[in-house]
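The block underneath contains the structure these notes are about, expressed in structure tokens.
Protein chains in written order, with UniProt numbering: chain A, 1 to 367; chain B, 1 to 300.
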């Protein structure tokens, strides 16, 4: 009996160590959607000659990529795409440094394009293959090109703030007297410091270079009302849905997905902070040429439009907007009136300053 | 461990032969050296490369990264918080696990014993992430725990159980409890119940018999369980990341952040090295504190 128990226990401990690995892998990426780890589009039965391995963030974004980009690309080029999720920079760096590159194209945060290039991890893109016309200029780089845009915006509970009575800018978000209730902010300095400065009255066009001292002083004012500092994108929609907080800084696509599922929440696009994901090619991949072709295909207006029709994240290719109906553009925050009041985050500034500010941010949180 | 004790109690013959085996000069040492060499090999070869990163960068040897850790107050503060949380979790798991393990040893009915075993082990089957998110549902202000307490009338305002140290300790205790229960059980099962009976037969009240006989004999289990939970607790990051507040930063969260987000592997490695050295120091410290304990001496 005891022998049996000991054996079962060992078996279970093994199972636990495995599940724990899986768990940590997911949680290690704040941007990964919880859920599907790996989506493998069915390969075409005939005529498949090549294989391309793509790494992205997983979950809903992968599903949208699959429909809008991977499947049409497979058909057009007789390629089988294998998807690996979520994006993991640690794995990326280890892969390139060991010279054992098993991934051909990776969807990364746009700041990683600059950081990765500095660490010599990326292949230079071939702009004779990739057409960059119409792509947002901030997201065109020698080593990477924009994949999709997301807005870090004000999100609110519609039961608490019905029909237009919600905070419409970061100053109002900071105003706990007029808009009482607990808040949630992103446990990450990029975006959060911009919001703090906008709340303090800095004009959007004068944001950069960020006045860091002023940003922290502004954060001091709201600290006691921030109930949760979130670090996974799935948290704000959940916190808003169960009433744990009434206002949150959140990614627009997450909120609109929750809204479609019936959660009482909505996004305010005014003063939303636009950030982008990018496609990059790890240095030393054997399928470089095919990877270039893939990126060229992924940023083309038709695929960009198809992607944004599948999920509420905006295209990086401005030409794709012409292909989208007004209703979709409204949801993306890309209708003419909504687009002009959003602010593009200056990635270059953040790349230079991130490490010191991140340390200060962590220190500030512990105070 | 359970297996050996079973043999020693039930099959004295094999115990004796094993004893004889260890009497052969040379072999005794080999039995010690082979497993230790194996462990050292596994530990060092996987870690040497990692720790090299903390003192070597492209410019050669440097103490820049380690110095940085001690110069910036944030790192020492996080280290202190990590030790504090691991200690509190060890204490709560010990307090909860002891009665459970004791019940498992005492209970006569096999069916009930199996039932308790299953209840303790089921959490092992479920993903850590799922369990942690389940706690956010239970502990929130409108959650079942606060609702029940309010309905019963014990509290009038919801108690904050989430996004603070209380939440982290509840979540981590739940995750680490099985390790403690099983460590305690394996030792308690080997305690000869007749000793307690003898004490009672000589006039000790059950309480006194427990305190003077059973409790000291179960000390090795408490110790091994506590060390296991404490060390596992030091390395946790998913549970505190989700259930904790801004003030519940753990060192592993900083390491992970430096490995995967900022890609500062040198700093991550320096942090890992500091955590590793502190863990070793604590192990030695606990060894020194307990080395003169009579029961443990007997064990060795």
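Note that CB positions come from ideal geometry on N, CA and C, so glycine has one too.
Residues bridged to residue i by DSSP?
i                      : result
residue 112 of chain B : None, per the DSSP bridge assignment.
residue 454 of chain A : Lying outside 1 to 367, the shown extent of chain A, residue 454 of chain A is not represented and no answer is given.
residue 82 of chain A  : A:53
residue 230 of chain A : A:186
residue 198 of chain B : DSSP lists no partner for residue 198 of chain B.
residue 282 of chain A : A:122
residue 144 of chain A : A:141
residue 57 of chain B  : B:60
residue 247 of chain A : A:156, A:183
residue 109 of chain A : A:277
residue 268 of chain A : A:154
residue 135 of chain A : A:317
Select from the options the residue whose C-alpha is nearest the C-alpha of residue i.
i                      : options                    : result
residue 136 of chain A : A:301, A:366, A:325, A:360 : A:301
residue 114 of chain A : A:80, A:101, A:139, A:95   : A:139
residue 263 of chain A : A:238, A:284, A:247, A:330 : A:238
residue 291 of chain B : B:54, B:219, B:129         : B:219
residue 90 of chain A  : A:119, A:361, A:232        : A:119
residue 70 of chain A  : A:258, A:307, A:288        : A:307
residue 169 of chain B : B:83, B:77, B:100, B:190   : B:83
residue 128 of chain A : A:354, A:296, A:367, A:334 : A:296
residue 79 of chain B  : B:235, B:228, B:51         : B:235
residue 81 of chain A  : A:87, A:65, A:126, A:322   : A:65
residue 329 of chain B : B:172, B:269, B:262        : For residue 329 of chain B there is no data in the structure shown, the boundaries of chain B being 1 and 300.
residue 267 of chain A : A:205, A:170, A:63         : A:170
residue 104 of chain B : B:119, B:68, B:144         : B:119
residue 310 of chain A : A:148, A:275, A:336, A:291 : A:148
residue 81 of chain B  : B:110, B:68, B:164         : B:164
residue 309 of chain B : B:152, B:185, B:61         : What the structure shows of chain B is the stretch from 1 to 300, and residue 309 of chain B is not part of that stretch, so it cannot be assessed.
residue 117 of chain A : A:343, A:282, A:316        : A:282
residue 205 of chain A : A:313, A:134, A:341        : A:341
residue 246 of chain A : A:330, A:260, A:49, A:185  : A:185
residue 270 of chain A : A:224, A:235, A:154        : A:154
residue 94 of chain B  : B:204, B:221, B:196, B:140 : B:221
residue 141 of chain A : A:172, A:356, A:347        : A:347
I want to see whether chain B comes within less than 8 Å of residue i, judged by CB atoms only; does it?
i                      : result
residue 89 of chain A  : yes
residue 355 of chain A : yes
residue 290 of chain A : no
residue 229 of chain A : yes
residue 244 of chain A : yes
residue 93 of chain A  : yes
residue 45 of chain A  : Reliability of the predicted coordinates at residue 45 of chain A is poor, the pLDDT of 44 falling under 50, and the value obtained from them is presented with this limitation in mind. Residue 45 of chain A does not count as touching chain B.
residue 42 of chain A  : At residue 42 of chain A the pLDDT is 45, less than 50, meaning the model places this residue with poor confidence and gives no usable figure here.
residue 24 of chain A  : Note that residue 24 of chain A scores a pLDDT of 38, beneath 50, so its modelled location is shaky; the value from the coordinates is reported in the next line. Yes, contact with chain B.
So that I know if they touch, is there some Cβ in chain A lying closer than 8 Å to that of residue i?
i                      : result
residue 72 of chain B  : yes
residue 183 of chain B : no
residue 8 of chain B   : With a pLDDT of only 43 at residue 8 of chain B, under the threshold of 50, the placement of this residue in the model should not be trusted; the figure read from the coordinates follows. No - not a single Cβ of chain A is within 8 Å of the one on residue 8 of chain B.
residue 140 of chain B : yes
residue 163 of chain B : yes
residue 77 of chain B  : yes
residue 247 of chain B : yes
residue 241 of chain B : yes
residue 283 of chain B : no
For this session: Anything in the region 260-279 of chain B with a Cβ closer than 8 Å to a Cβ of chain A? List those residues in chain order, please.
Result: Taking 8 Å as the Cβ-Cβ cut-off, the region 260-279 of chain B approaches chain A at 260, 261, 262, 263, 264, 265, given in chain order.
Any residues in the region 101-132 of chain A with a beta carbon nearer than 7 Å to a beta carbon of chain B? Which ones, in chain order? Under the 7 Å Cβ criterion, the region 101-132 of chain A contributes 115, 119.
Which residues, in order along the region 334-366 of chain A, keep a beta-carbon less than 8 Å from a beta-carbon of chain B? Listed by position along the chain: 354, 355, 358, 359, 362, 363, 365, 366.
Please give the ranges of any alpha helix (DSSP H) in the region 258-291 of chain B, keeping only runs that are unbroken, at least 4 residues long and fully inside the region. The region 258-291 of chain B contains these whole alpha helix (DSSP H) runs: 265-290.
Whole alpha helix (DSSP H) runs in the region 275-352 of chain A with 4 or more residues, listed along the chain? Listed in chain order, the complete alpha helix (DSSP H) runs (minimum 4 residues) inside the region 275-352 of chain A are 288-298, 301-310, 318-321, 326-332, 336-339.
**Prompt:** In chain order, which alpha helix (DSSP H) runs of at least 4 residues are fully inside the region 174-246 of chain B?
**Reply:** Runs found: 193-201, 206-209, 219-234, 238-243.
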